[in-house]
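Numbering (numbering that gives the first Met the number 0), first residue to last: 0 to 299.
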Amino acid sequence: MSAVGIFEIEKIKRRIRACDYLVVAQLFLQDNFLLKRPLEFSDIKPRLLGHWGTCHGINVVYANLKARYGEDSNFSFILGPGHGFPALNANLFLDGELEEKDIERLCRNFSWPDGFPSHASPLTPGVITEGGELGYALANAYGLVLGHPEKTVAVLIGDGELETATAIDSLNLRNLLDGEKNGKVLPILHLNGYKISGPTIYARKSERELNELIRGFGFEPIWIDGENTDEFQEALRTETEAPFYIFRNEKGYGGPNRHHEAHQIPLKNPASDKKELDDLEKWLRRYNFDELFDGKGFRI
Ligand SMILES: Cc1ncc(C[n+]2csc(CCOP(=O)(O)OP(=O)(O)O)c2C)c(N)n1
0 MSAVGIFEIE KIKRRIRACD YLVVAQLFLQ DNFLLKRPLE FSDIKPRLLG
50 HWGTCHGINV VYANLKARYG EDSNFSFILG PGHGFPALNA NLFLDGELEE
100 KDIERLCRNF SWPDGFPSHA SPLTPGVITE GGELGYALAN AYGLVLGHPE
150 KTVAVLIGDG ELETATAIDS LNLRNLLDGE KNGKVLPILH LNGYKISGPT
200 IYARKSEREL NELIRGFGFE PIWIDGENTD EFQEALRTET EAPFYIFRNE
250 KGYGGPNRHH EAHQIPLKNP ASDKKELDDL EKWLRRYNFD ELFDGKGFRI
């Protein structure tokens, strides 16, 4: 039985589709953002710089957390992979948090001179540092709940990020900080299998081995299949003292290639290669964005 109604599940899926479209549009397009006509070479940005592979997973996690905790003003979300910036940007745009209020400006300004960089930076609301040093997301989450028992903080940790000494050792913070005086941290491991383009150690461990590792730190592992919204919502409603969500998701899901080829820009030359341009158009049209956005507002 589903933890939430069909209507809510459909809403979550529509939000993910909208954000996925906005990610791809930010990465590639400098014009024709709503695909009012077939794509042309001149619609493509001259310099493609950014990351696709981790973005769909971020959109899935964000949409599910928002459905579960969106009304709770004591809830926060920390995003580990700063290079998943177009996904963060798409979600903040949808939430009305950005100065950019139209899709044209959102997309053109991504990875653009005098616009946003290709990764999270302090130009984005809620981002306080610039730089790509992996490892601190979980420690920051524990810092945020310190002395704030009313707070709940979910934190998305990349499986590559968990290979850093800082991230894995931060799991020990549970021993120091669990208690009535502090809030609750909900770690979510983004098990998409790849660290840039190479295999991650945690994705190559057996489920049993990973479960035992996580239990050894005092957490209860809860597995979530990437595309199963029912399962995600149910997992977020499971009453557990110290949950550790393992979100298994295919890197690059929904794009033209997956896994090790999906980390950055999966299509290299859509500005000059007709087949790649057609592949990009097919990819964008698969999201049926016109069902979700009527030219003025979102219907999600
Ligand atoms: C301390 C540190 N080591 C290495 C890097 C280089 N780096 C940037 S992204 C990345 C891969 C991150 O992998 P993961 O956390 O699994 O993210 P995802 O697969 O979701 O993109 C690495 C190693 C870094 N930014 N910081």
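All residues carry an ideal CB built from backbone N, CA and C; glycine is no exception.
No experiment lies behind these values; they were computed from the predicted model shown.
Pairwise C-alpha distance: residue j and residue i
i	j	result
Asp101	Ala24	13 Å
Leu38	Arg16	20 Å
Leu28	Phe40	10 Å
Phe292	Arg298	6 Å
Asn171	Phe218	10 Å
Val152	Lys35	40 Å
His118	Pro269	22 Å
Ala275	Arg173	Sequence inspection shows Glu at residue 275; the Ala mentioned does not correspond to that position. Cα to Cα, Glu275 sits roughly 47 Å from Arg173.
Ile245	Leu161	12 Å
Thr228	Asn63	7 Å
Phe6	Ser271	42 Å
Counted within 10 angstroms of its Cβ, other Cβ atoms place residue i as buried (16 or more) or exposed
i	result
Ala136	buried
Gly251	buried
Ile200	exposed
Ile195	exposed
Lys183	buried
Simplified DSSP state of residue i, which is helix, strand or coil
i	result
Thr123	coil
Ile299	coil
Tyr286	coil
Lys180	coil
Ile195	coil
Val3	coil
Phe292	strand
Leu34	coil
His82	helix
Leu87	helix
Leu133	coil
Leu97	coil
Sequence-distant residues of the same chain with beta carbon closer than 7 Å to residue i, five excluded per side
i	result
Gly254	Trp51, Ala261, Pro265, Trp282
8 Å CB neighbourhood of residue i in its chain, flanking five on each side removed
i	result
Asn139	Ile77, Val154
Asp71	Thr151
7 Å Cβ cutoff, residue i in contact with chain D
i	result
Leu161	Judged by its chain identifiers, the structure shown contains no chain D, having just a single protein chain.
Chain-order list of residues whose beta-carbon lies under 6 Å from that of residue i (same chain, five-residue window excluded)
i	result
Leu133	Glu160, Thr163
Runs of beta strand (DSSP E) lying entirely within the stretch 197–271, each at least 3 residues, in chain order: Runs found: 219–224, 242–247.
Beta strand (DSSP E) runs contained entirely in the stretch 138–168, provided each spans 3 or more residues: 151–157
Entirely enclosed alpha helix (DSSP H) segments - the stretch 24–76, minimum 4 residues: Taking 4 residues as the minimum length, the alpha helix (DSSP H) runs contained wholly in the stretch 24–76 are 54–68, in order along the chain.
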